[in-house]
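Sequences listed follow chains A and B, in order.
As numbered in numbering that gives the first Met the number 0, residues 0 to 461 make up the first sequence, in order.
As numbered in numbering that gives the first Met the number 0, residues 0 to 461 make up the second sequence, in order.
Note that CB positions come from ideal geometry on N, CA and C, so glycine has one too.
There are 2 protein chains.
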Amino acid sequence: MARPTPLSGFPEWLPEGRLVEQHVLDVLRRTFELHGFAGIETRAVEPLEQLLRKGETSKEVYVLSRLQEDPDSAPDATDRAGRLGLHFDLTVPFARYVLENAGHLAFPFRRYQIQKVWRGERPQDGRFREFVQADIDVVGAGDLPYHYEVELPLVMAEALGALREIGVPPVRILVNNRKVAEGFYRGLGLTDVDAVLRGIDKLDKIGPDAVAALLVDEAGATQAQAAACLELAAISGDDESIVDRVRELAERHGATHELLDTGLTELGALVRAAAERAPGVVVADLKIARGLDYYTGSVYETVLVGHEQLGSICSGGRYDTLASDGTTTYPGVGLSIGVSRLVSRLVGGGLVRATRSVPSAVLVAVTQEEDRSRSDAVAVALRARGIPVEVAPSAAKFGKQIRHADRRGIPYVWFLGQTDDDGVVAGDQVKDIRSGEQVPADATTWRPPAEDRWPRVVPAEG
Amino acid sequence: MARPTPLSGFPEWLPEGRLVEQHVLDVLRRTFELHGFAGIETRAVEPLEQLLRKGETSKEVYVLSRLQEDPDSAPDATDRAGRLGLHFDLTVPFARYVLENAGHLAFPFRRYQIQKVWRGERPQDGRFREFVQADIDVVGAGDLPYHYEVELPLVMAEALGALREIGVPPVRILVNNRKVAEGFYRGLGLTDVDAVLRGIDKLDKIGPDAVAALLVDEAGATQAQAAACLELAAISGDDESIVDRVRELAERHGATHELLDTGLTELGALVRAAAERAPGVVVADLKIARGLDYYTGSVYETVLVGHEQLGSICSGGRYDTLASDGTTTYPGVGLSIGVSRLVSRLVGGGLVRATRSVPSAVLVAVTQEEDRSRSDAVAVALRARGIPVEVAPSAAKFGKQIRHADRRGIPYVWFLGQTDDDGVVAGDQVKDIRSGEQVPADATTWRPPAEDRWPRVVPAEG
Chain A
0 MARPTPLSGF PEWLPEGRLV EQHVLDVLRR TFELHGFAGI ETRAVEPLEQ LLRKGETSKE
60 VYVLSRLQED PDSAPDATDR AGRLGLHFDL TVPFARYVLE NAGHLAFPFR RYQIQKVWRG
120 ERPQDGRFRE FVQADIDVVG AGDLPYHYEV ELPLVMAEAL GALREIGVPP VRILVNNRKV
180 AEGFYRGLGL TDVDAVLRGI DKLDKIGPDA VAALLVDEAG ATQAQAAACL ELAAISGDDE
240 SIVDRVRELA ERHGATHELL DTGLTELGAL VRAAAERAPG VVVADLKIAR GLDYYTGSVY
300 ETVLVGHEQL GSICSGGRYD TLASDGTTTY PGVGLSIGVS RLVSRLVGGG LVRATRSVPS
360 AVLVAVTQEE DRSRSDAVAV ALRARGIPVE VAPSAAKFGK QIRHADRRGI PYVWFLGQTD
420 DDGVVAGDQV KDIRSGEQVP ADATTWRPPA EDRWPRVVPA EG
Chain B
0 MARPTPLSGF PEWLPEGRLV EQHVLDVLRR TFELHGFAGI ETRAVEPLEQ LLRKGETSKE
60 VYVLSRLQED PDSAPDATDR AGRLGLHFDL TVPFARYVLE NAGHLAFPFR RYQIQKVWRG
120 ERPQDGRFRE FVQADIDVVG AGDLPYHYEV ELPLVMAEAL GALREIGVPP VRILVNNRKV
180 AEGFYRGLGL TDVDAVLRGI DKLDKIGPDA VAALLVDEAG ATQAQAAACL ELAAISGDDE
240 SIVDRVRELA ERHGATHELL DTGLTELGAL VRAAAERAPG VVVADLKIAR GLDYYTGSVY
300 ETVLVGHEQL GSICSGGRYD TLASDGTTTY PGVGLSIGVS RLVSRLVGGG LVRATRSVPS
360 AVLVAVTQEE DRSRSDAVAV ALRARGIPVE VAPSAAKFGK QIRHADRRGI PYVWFLGQTD
420 DDGVVAGDQV KDIRSGEQVP ADATTWRPPA EDRWPRVVPA EG
């Protein structure tokens, strides 16, 4: 066959890029587990009617059919019953998993889930059709205290912060609260809250004047109400003073509402805890409107500082009804990291690199094919002590074997001891092919310096 | 919504089962990396015409369509051009990846790949529609020495052997060699080698008499030739004597062929190396015929001892042409572990268990909601030293908080120090809720015994 070309929207990495992705996933997993989140995976498919409960995502779903499906038994294309689609996020499958397994789970249930998701949209501006998400959620049975809305973004701040050492830029987690926005709008006398949110969501794109006009046209606002909404959206900050600023603004406009009070208490608690545990990372930003139509409390977005145009790499919020079986309601709060978007920037933007593209720290040279088993024995001895090793592909000239190691970034080449023509026995030697230094070595005791043992993922300039 | 029910053929695990699967994957990954295999992932989809190059698998492919696909631009169902399907193994995508990235890879290229695959077949007798495979392959550019056919099953023997400590039964890797079979048949004068192999493949199902009849009817064999083929198929053993037995049989039937000599040299080398490095694990079994129609050299199947009816959990072989771009041919050898089949038996058969279902070793109790930040601070201090911790969901009575830990299998509950009514300050205490023992503890120095730190995966009877 001819050389295949990549499929747009379906990213794949060379081994070095995969090392970066794997490292990111390992760090996330470790942080999530340190915080007591249990790992689960769900199947890649869900019944189509389950995936389409949020109407707006219908265009994104990949539907499956079996190639040899019996045409007589195949459902009509317009009949969704029984058809399967690929999940487009990990929240819908998780909600289904919770309902399906509720009797076997202890609530509040803390889980992390790292899997691929698929969206059938046209690939553009860094959007993928297949990508990895890393989610954490806490879900309660019946109720879920607010403190989880404080805890979860701080877990993500820690997880993303742990990536700083490999060269990931600092992150800023922007938070808002549906209750603050809705309470403020209702206090002003505006009732079409979703229309106001839709307008505010366009602020960065179309600017305040156009948004004010939208609020008047589509949300039934007066000029004064629209101006008040824009004033609210202009408030941001990383300490509790933002609560006072919102209160002062609400008083000035005569906007009072119980929901606003609840929301401000919540947002204040989040900002206070964040200032203590992750100073400078969490910023209340009252113009965040995306997601406020379906989240019911806190909402989170996360930008890489200096790469804001990449969009949010970690978003989420609180749902009062993540799932319900008619008897019990399961509220949840969670965030989802767009791992592929992040890794794509780290690798594609040259921010991060792996110190080599293969696991092996050592290539054991082969003197002659008949002696391969001696080289194998050295490899076995080194691996027994946790050192990654491969044996040379052939008994080529040593120069060629060294070049083979060099091309793959393997730092050490091991040479077997030899008996020379005079019967003098020389022991094994190991060569650091970067420095050229070659020293006697014993496979049962030698080890490479810790920094050479496994490939490391490091800042690209390091 | 009503409580959902599982989809047949799409296995999912509760958190405890996922811990078992994750442990298996971690052990495999570590072994593969110690042997210098680089990890890659490929996209879940391939162009349909690529997936259908092996005609016999066409019925298994899940084809994708976008739900809102423009009907005018949608390809006709009979038109395969441009359509995408989910991969049904990791070999086809790997072959494509090698061709696509050949300029960036160093050959021989060693890779492992652990991913889900999908097959649209009706689920039955332990067959899944979605399952995890763990593959290792070595692929060369132009040529690939035979010694890799010796090395790769030994890597799998080591990987599966490393699972013995969690209660995985011992494995037996059965090997055969296309060249031995083909050379023997041709030496006998039989030319329809694939027909002979198809007959021999039915030996376990229909018995030797029926196979002999098949060989006569469908492979054009005489009764004597059929009998010789059955004699060959009856040879098995884990030492080099099998080579002599085949030679003796071939001489007795006057079967000589260059391919037979080459194959016996290869098979002998494999059995000899295996007897040294993994005694008792690798068995030459000359009745293994499955896969010999497309493999060109060694072929491998692996059974769990005592669970042979489960079928092969790790299969593979050598392809002289894993991929080809018309200029360069890429031969490969590899094996694939059916991880879901294995884990399903381990969990479903009660062979293996996790010591708890959540990562947390410690639940930090909350005395009163206003003091939650004190509990959070203890959790931060413990996590800083690598101890997985969660904080109690609410400031319920301590008995209820202990029951919460107990239900989740968390072994330790941490209580904050208190100042009593007389102003006497008591320090923090930690309780092992299994023994009831409660001792003073300092969050900056206390640590649980190593065996309690993380959930462990252990034999179920242990």
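When DSSP labels each residue in this structure, what does residue i get in the three-state scheme?
i       : result
Q82(B)  : The amino acid occupying residue 82(B) in the given sequence is Arg; Gln does not appear at that position. Three-state DSSP puts R82(B) in coil, outside helix and strand.
F130(B) : strand
A94(A)  : helix
Y184(A) : helix
A227(A) : helix
A76(A)  : Low local confidence applies: a pLDDT of 47 at A76(A) is under 50, so the model's placement there is unreliable, and no value is given.
K399(A) : helix
D136(B) : strand
R118(B) : coil
R406(A) : helix
V242(A) : helix
D451(B) : helix
R433(A) : coil
P458(A) : strand
A105(A) : coil
S7(A)   : coil
D284(A) : strand
A380(B) : helix
For my contact list, residue i and residue j are in at a C-beta cut-off of 8 Å; report their separation, rounded to the angstrom.
i       : j       : result
V463(A) : L196(A) : Residue 463(A) lies beyond the residue range present for chain A, which begins at 0 and ends at 461; the question has no answer from this structure.
D134(A) : Y111(A) : 7 Å
A353(B) : E15(B)  : 5 Å
S339(B) : F130(B) : 4 Å
V62(A)  : G84(A)  : 5 Å
A394(A) : Q437(A) : Actually they do not touch by this definition, with Cβ atoms about 19 Å apart.
L334(B) : M155(B) : 5 Å
T30(A)  : E164(A) : Actually they are not in contact, since the Cβ atoms of T30(A) and E164(A) sit about 13 Å apart, beyond 8 Å.
Give me whichever residues DSSP pairs with residue i in a beta bridge.
i       : result
A194(B) : BP columns for A194(B) are empty, so no partner.
Q428(B) : F414(B) and P439(B)
S463(B) : In the structure as shown, chain B starts at 0 and stops at 461, and residue 463(B) therefore has no counterpart that could be examined.
V170(B) : L303(B)
P144(B) : DSSP, once it has assigned bridges, lists no residue as partnering P144(B).
Q112(A) : D134(A)
L362(A) : E389(A) and V412(A)
G348(A) : Bridge partners of G348(A): none, in fact.
E545(B) : The shown model of chain B, from 0 to 461, leaves out residue 545(B), and the question about it has no answer.
A211(A) : Paired residues: none, contrary to the question.
G546(A) : This structure does not reach residue 546(A), given that chain A is present from 0 up to 461, and the question cannot be answered.
G333(A) : D136(A) and G316(A)
How long is the line joining the alpha carbons of residue i and residue j, rounded to whole angstroms?
i       : j       : result
R2(B)   : Y96(A)  : 10 Å
A380(B) : A442(B) : 6 Å
L213(A) : D284(A) : 21 Å
C313(B) : L18(B)  : 21 Å
A378(A) : D419(A) : 23 Å
R128(A) : G182(B) : 49 Å
N100(A) : L13(B)  : 8 Å
T77(B)  : G290(B) : Below a pLDDT of 50, predicted positions are generally treated as unreliable, and T77(B), at 47, falls in that range; the measurement from the model is reported next regardless. Spanning the two alpha carbons is a distance of roughly 30 Å.
P392(B) : G348(B) : 34 Å
Q546(A) : V91(A)  : Absent from the model: residue 546(A). The displayed extent of chain A is 0 to 461, so no value can be given.
E40(A)  : I113(A) : 7 Å
F36(A)  : P447(A) : 35 Å
E239(B) : A273(B) : 10 Å
S374(A) : D427(A) : 10 Å
D193(B) : P207(B) : 18 Å
Cβ closer than 7 Å: which chain E residues qualify as neighbours of residue i?
i       : result
P392(A) : Looking for chain E here will not work: the only protein chains present are A and B.
Should the segment 144-153 of chain B be regarded as contacting the segment 260-271 of chain B, the criterion being three or more beta carbon pairs within less than 8 Å?
Counting Cβ pairs under 8 Å, three or more are found: they touch.
At least three beta-carbon pairs within less than 8 Å, the segment 248-265 of chain B to the segment 199-206 of chain B:
With the cut-off at 8 Å, the segment 248-265 of chain B and the segment 199-206 of chain B do not touch.
Inter-stretch contact at 8 Å, needing at least 3 Cβ pairs: the segment 299-309 of chain B / the segment 164-182 of chain B
The answer is yes - the segment 164-182 of chain B touches the segment 299-309 of chain B, with three or more Cβ pairs under 8 Å.
Cβ contact (3+ pairs, closer than 8 Å) linking the segment 326-333 of chain B and the segment 444-460 of chain A
The answer is no - the segment 444-460 of chain A does not touch the segment 326-333 of chain B, with fewer than three Cβ pairs under 8 Å.
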